[in-house]
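Protein sequences appear in the order of chains E and Y. Quick note on numbering: our numbering labels position 256 of the first sequence as 535, and the sequence is numbered without any gaps. Quick note on numbering: our numbering labels position 292 of the second sequence as 703, and the sequence is numbered without any gaps. Glycine is no exception: its CB is placed at the ideal position from the N, C-alpha and C atoms. This report refers to the structure that appears directly beneath it.
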Amino acid sequence: MSGATPIELMTIAGSRLLRDGRVVFAGVGAPLEASVLAKRLHAPSLTIVLEGGSIGPRMLPGRLPVSTNEMRAAHDAFMLTSINDLFLYGQRGHYDYGFIGAGQLDQYGNVNTSYIGDPDAPKVRLPGSGGANDIVSSCCEVMIMTRHEPRRFVERVDFITSPGYLNGPESRRSAGLVRNRPVAVVTDMALLGFDEKTGRLRLDALQPGVTEEQVHANTGFELLVSEAIGELPPPTDQELAELRWLRDGNRIDTPQTREVTSAP
Amino acid sequence: MKDAADKRMTLSEAAQLVQSGDTVVGGGCCYSRTPWAMLLELVRAERRGLTLARNLMCYESELFLASETASKLVSSWVGIGLRWGIPKVFREYVERDPSIYEEWSHLSFGMRLMAGSMGMPFLPTASLLGSDLLDRLPAEHIRCPFTDQLLVAVPALVPDVALIHVQTADARGNAQIEGPAYMDVECARAANTVIVTAEEIVPSEAIVRTADRTVIPGFVVDAVVEVPFGSYPHECHGRYEADFDHFDGYTEMVTREGVAGVQAYLEETVTAPGSFAAFLDTVGASRLLEQRRRARELVAA
Numbered sequence: 280m281s282g283a284t285p286i287e288l289m290t291i292a293g294s295r296l297l298r299d300g301r302v303v304f305a306g307v308g309a310p311l312e313a314s315v316l317a318k319r320l321h322a323p324s325l326t327i328v329l330e331g332g333s334i335g336p337r338m339l340p341g342r343l344p345v346s347t348n349e350m351r352a353a354h355d356a357f358m359l360t361s362i363n364d365l366f367l368y369g370q371r372g373h374y375d376y377g378f379i380g381a382g383q384l385d386q387y388g389n390v391n392t393s394y395i396g397d398p399d400a401p402k403v404r405l406p407g408s409g410g411a412n413d414i415v416s417s418c419c420e421v422m423i424m425t426r427h428e429p430r431r432f433v434e435r436v437d438f439i440t441s442p443g444y445l446n447g448p449e450s451r452r453s454a455g456l457v458r459n460r461p462v463a464v465v466t467d468m469a470l471l472g473f474d475e476k477t478g479r480l481r482l483d484a485l486q487p488g489v490t491e492e493q494v495h496a497n498t499g500f501e502l503l504v505s506e507a508i509g510e511l512p513p514p515t516d517q518e519l520a521e522l523r524w525l526r527d528g529n530r531i532d533t534p535q536t537r538e539v540t541s542a543p
Numbered sequence: 412m413k414d415a416a417d418k419r420m421t422l423s424e425a426a427q428l429v430q431s432g433d434t435v436v437g438g439g440c441c442y443s444r445t446p447w448a449m450l451l452e453l454v455r456a457e458r459r460g461l462t463l464a465r466n467l468m469c470y471e472s473e474l475f476l477a478s479e480t481a482s483k484l485v486s487s488w489v490g491i492g493l494r495w496g497i498p499k500v501f502r503e504y505v506e507r508d509p510s511i512y513e514e515w516s517h518l519s520f521g522m523r524l525m526a527g528s529m530g531m532p533f534l535p536t537a538s539l540l541g542s543d544l545l546d547r548l549p550a551e552h553i554r555c556p557f558t559d560q561l562l563v564a565v566p567a568l569v570p571d572v573a574l575i576h577v578q579t580a581d582a583r584g585n586a587q588i589e590g591p592a593y594m595d596v597e598c599a600r601a602a603n604t605v606i607v608t609a610e611e612i613v614p615s616e617a618i619v620r621t622a623d624r625t626v627i628p629g630f631v632v633d634a635v636v637e638v639p640f641g642s643y644p645h646e647c648h649g650r651y652e653a654d655f656d657h658f659d660g661y662t663e664m665v666t667r668e669g670v671a672g673v674q675a676y677l678e679e680t681v682t683a684p685g686s687f688a689a690f691l692d693t694v695g696a697s698r699l700l701e702q703r704r705r706a707r708e709l710v711a712a
């Protein structure tokens, strides 16, 4: 199996965070791929829910959805409901994980997917919140997945689309965000957690072959460092084969890969 | 018109129910079950200065801006899909004048329609708290009168007109949806005027036999238009998949030519054909049937 790309490293590390039997509300793209991968490997009873109203879908390899609401995202689902219904299960507290991507994020895990620059005279207009704001406001444990680049990891986001710890745990509480908490940021270079006292991001573990210096060089703020930095185990051949199959639909048979379940 | 027994009409007749300046909400979600034929009929009918609201928007966003059909958009997300990103001309319009776009979160937008559909002036939600979105929106902090919990109150959205595309409806407007209902039911209940386009209009007996699948009752509906492939090039659950090659062609043209590319697309798909049916003729039966075949691979019959 050829070496993992940065995105594959990130996606596989993300998939390992998801435990069996739980419910994950995943954004389309890498968070969804990580969720589908987890379900195919170590978490067969993981329930994936998607913004368009799809509960418990299983994806057709090679035809992953390009948007959260389309037929590919509904493939083999247990339930297809309305968007409000889908989100309200989350507001009720039924979703264990919320898993989103990020255009720009800061040391408190605040995410910006709205405007680069001044929102009244923006340099760049981004696609917007979609369900991300709702996910971080309601899902029990919030996880964020993004490439580790200085332009993404900034001291202070230009605009808070989806709040993390705002300025720290007390500011999050007093804003009324008392139902849940951000827990992790997964990147192609590292796994980051949040310092409980300050709500700031902390380097917990490195991706294989990445140094602490490289992480700091790609982070636009002072990143806290865990007392004992771990190293994430490299992707297994099985993880890589499954992920690539999901993405391109071309089967590379290894003894471990399983048959796809498709519609009757 | 809600009390008529037969509300069938043509797309151009239905467009008469929409006045320039109206707030129009579109059903579906991004490129799924979009009321595409009806949206483009409003462009053809030269409506101006609409406020177009839709929970997630695809490139109808920039078609409406570039043709001046809409002067304001309300949504939670605007993009064509992962592969194509944000519509370029929409982006340019908002970067020039951010006031033309009102950004909600997906659920808070949905709660606005839900409040409208319930006949209530607002609903509370736990979304938007702590965000910068809240500062720019007509939404307010509120404390629960019973628990003192800090929440956000969002105002009801009562659109002038809702445009809904469904798989089946009868002549009175009793409508059935296959696949996710998105926010269509809330849109239909909240709006003052409701235009339903349907892949097929069926006899009422067919609706009666499967009444548990009826999600919009005829008494909220003002117009019913039969439009096969009425979401194309977008998808309609179980009927046809979105035409990603069409999206590729569109985005290439707009990337190359910007707003002139959007105008050219409207000329090609709206003005020159003269009707939605004639536009479908330019697409051709073989391509439409291929989209139908691809849908069947994804959704069990």
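Item                                                                                                                      : Value
Near-chain Y residues of the segment 371-395 of chain E - C-beta to any C-beta below 8 Å                                  : Ser-393, Tyr-394
Boundaries (first-last residue) of the beta strand (DSSP E) holding Asp-397/E                                             : 394-397
Beta-carbon proximity check, Ser-538/Y vs Ser-516/Y, cutoff 7 Å                                                           : yes
Simplified DSSP assignment, three categories, for Glu-372/Y                                                               : Lying before the first or after the last residue shown, residue 372/Y is absent from chain Y, which here runs from 412 to 712.
Thr-604/Y versus Cys-598/Y - alpha carbon distance                                                                        : 10 Å
Burial state of Leu-453/Y (16 or more Cβ within 10 Å)                                                                     : buried
CB-CB length for Val-572/Y against Ala-586/Y, believed under 8 Å                                                          : The pair is not a contact, with the Cβ atoms about 16 Å apart (cut-off 8 Å).
Of the listed residues Ala-564/Y, His-648/Y, Ile-588/Y, Lys-499/Y, nearest to Leu-524/Y (C-alpha basis)                   : Ala-564/Y
Amino acids of chain Y, ordered along the chain, whose beta-carbon sits closer than 7 Å to that of Val-345/E              : Gly-492, Leu-493, Arg-494
Assumed close pair Ser-467/E, Leu-296/E - CB separation to whole angstroms, cut-off 8 Å                                   : It is worth fixing the name first, because residue 467/E is Asp in this sequence and not Ser. Contact flag wrong, Cβ pair sits at about 15 Å.
Euclidean distance between Cα positions of Ala-706/Y and Gly-341/E                                                        : 15 Å
Below-7 Å beta-carbon distance, Glu-538/E vs any chain Y residue                                                          : With a pLDDT of only 40 at Glu-538/E, under 50, the local geometry of the prediction cannot be trusted, and no value is derived from it.
Cutoff 7 Å; reference Ile-286/E; Cβ partners in own chain excluding five residues on either side                          : Ala-309, Asp-467
Rounded C-alpha distance that separates Asp-559/Y from Ser-642/Y                                                          : 45 Å
Cβ neighbours of Ile-497/Y in the same chain (closer than 8 Å, five flanking residues each side left out)                 : Val-489, Gly-490, Ile-491
Cβ neighbours of Pro-512/E in the same chain (closer than 8 Å, five flanking residues each side left out)                 : Pro-487
Assigned secondary structure, Thr-533/E (DSSP; H/G/I helix, E/B strand, else coil)                                        : Unreliable placement is indicated for Thr-533/E, whose pLDDT of 49 sits below 50; the coordinate value is still reported in the next sentence. Here Thr-533/E sits in coil by DSSP.
The segment 467-474 of chain Y touching the segment 431-446 of chain Y, judged by at least three CB pairs closer than 8 Å : yes
Any chain Y beta carbon closer than 7 Å to Pro-448/E                                                                      : no
Bridge partners - Thr-326/E, DSSP secondary structure assignment                                                          : Val-302/E
Whole-angstrom distance between Arg-459/Y and Glu-479/Y, CA atom to CA atom                                               : 6 Å
Residues near Asn-348/E by beta carbon distance below 6 Å, same chain, minus five either side                             : Gly-331
Best match in Ala-448/Y, Thr-662/Y, Leu-545/Y for proximity to Val-607/Y [C-alpha to C-alpha]                             : Ala-448/Y
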